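In our numbering, the protein residues as written are 204 to 370.
Step one of this worksheet: look at the structure below.
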Amino acid sequence: MNGLTENLNSNHRKKEFSCGKEMLDNYLQKQANQDIKRKLSACFVLNDKETNLLKGYYTLANNNIPQNLIPTEFQKKLPKSYTSIPTTLLGRLAIDNRFQGKGIGKLLLMDALNRSYEISKSIGSFAVIVDPLDEDAENFYDKYGFINLPDSGKMFLPMNTIKTLFE
Ligand SMILES: CC(C)(COP(=O)(O)OP(=O)(O)OC[C@H]1O[C@@H](n2cnc3c(N)ncnc32)[C@H](O)[C@@H]1OP(=O)(O)O)[C@@H](O)C(=O)NCCC(=O)NCCS
C-alpha cells in the first residue's frame with residue numbers, strides 16, 4: 204500500500220487527539236489498542252512528522268450485512284441463497300480539530316477505501332460499510348457516494364465502485 208498511514212502503536216500521541224466528538228477521542232485513547240490486541244479491528248493513523256501529533260485515524264474490520272438490507276438494484280447480481288453478504292466495516296474515521304478542513308478527511312477516506320479494495324482481492328468483500336455517528340458524518344460520506352441502507356443507520360459503497368477509483 205501507499206505508506207501514507209501506519210498501524211497505531213504505543214509510541215503514538217493518542218492522549219492529545221481531539222476531533223470534537225468525545226466518543227471518537229475516547230475510542231482512540233482507551234479502546235483501540237485493546238481491539239487491536241484482540242484482533243477485533245485494525246487502526247491506521249496519519250502522524251504529523253514535524254509535531255508528532257496524530258492528524259487522524261480510521262478503523263477497519265471484517266463484517267457482514269443481511270442481503271435483504273441491500274437496495275434491490277444492487278441485489279440483482281447476488282445469489283439469492285447468500286443471506287449474509289461479506290463486507291468491510293470502516294468503523295471510525297476522525298481528524299484532529301487542528302487539522303480539519305485541510306483535505307485530510309478525504310485523504311484518509313481514500314486511503315481506507317484503497318486498503319479495503321486491495322484486501323478484497325484476497326478476502327471477498329462486496330462493499331465498504333460505514334455507521335455515521337450523526338448527520339454531519341452522514342453528509343460527509345454522502346459527498347463521496349455512500350448510499351443509505353434503509354432502516355439501519357448504515358451506509359455502503361459497493362467494492363466495484365471503489366475499484367473504478369483505483370484502476
Ligand atoms: C468529518 C471529517 C472526517 C472530515 O474531515 P476533514 O479533514 O475536516 O474534511 P476535508 O477537509 O478532507 O474535506 C473534504 C471535503 O469534504 C467536505 N466536508 C468535510 N466535512 C463535511 C461534512 N460534515 N459534510 C459534508 N461535507 C464535508 C469538505 O467541504 C471538502 O469538500 P471539497 O473537497 O469539495 O472542498 C472531520 O470533520 C471529523 O473528523 N469530524 C469529527 C468526527 C466525525 O464526525 N467522523 C465521521 C465518521 S464517524
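Even glycine gets a Cβ: it sits at the ideal position worked out from N, Cα and C.
Since we're looking at a predicted model, the values are computed, not measured.
For the stretch 214-267, the full-length beta strand (DSSP E) segments reaching 3 residues or more read 245-250 along the chain. Taking non-hydrogen atoms of ligand 1 into account, the C-beta of P335 is found less than 7 Å away from one of them.
As DSSP reads the structure, E209 sits in a beta bridge with V248. Taking F220 as reference, the option from Q232, L272, R318, G327 with the minimal CA-CA separation is Q232.
Put simply, the stretch 315-334 does not touch the stretch 234-243. Fewer than three CB pairs are less than 8 Å apart. N351 has M358 as its beta-bridge partners, per DSSP. Per the DSSP secondary-structure output, A340 pairs with nothing in a beta bridge.
Following the DSSP letters along the chain, one finds L316 inside the alpha helix (DSSP H) bounded by residues 307-323. At least one heavy atom of ligand 1 lies less than 7 Å from the C-beta of R295. T291 is bridged by DSSP to N265, V331. Distances taken from the Cβ of Q234 to the heavy atoms of ligand 1 include none shorter than 7 Å. According to the DSSP assignment, F277 belongs to the alpha helix (DSSP H) that extends over 275-278.
Here the C-alpha atom of E338 lies approximately 14 Å from the C-alpha atom of S355. Within the same chain, and ignoring the five residues on either side of I332 in sequence, the residues whose Cβ sits closer than 6 Å to its Cβ are T290, L292, K357, F359.
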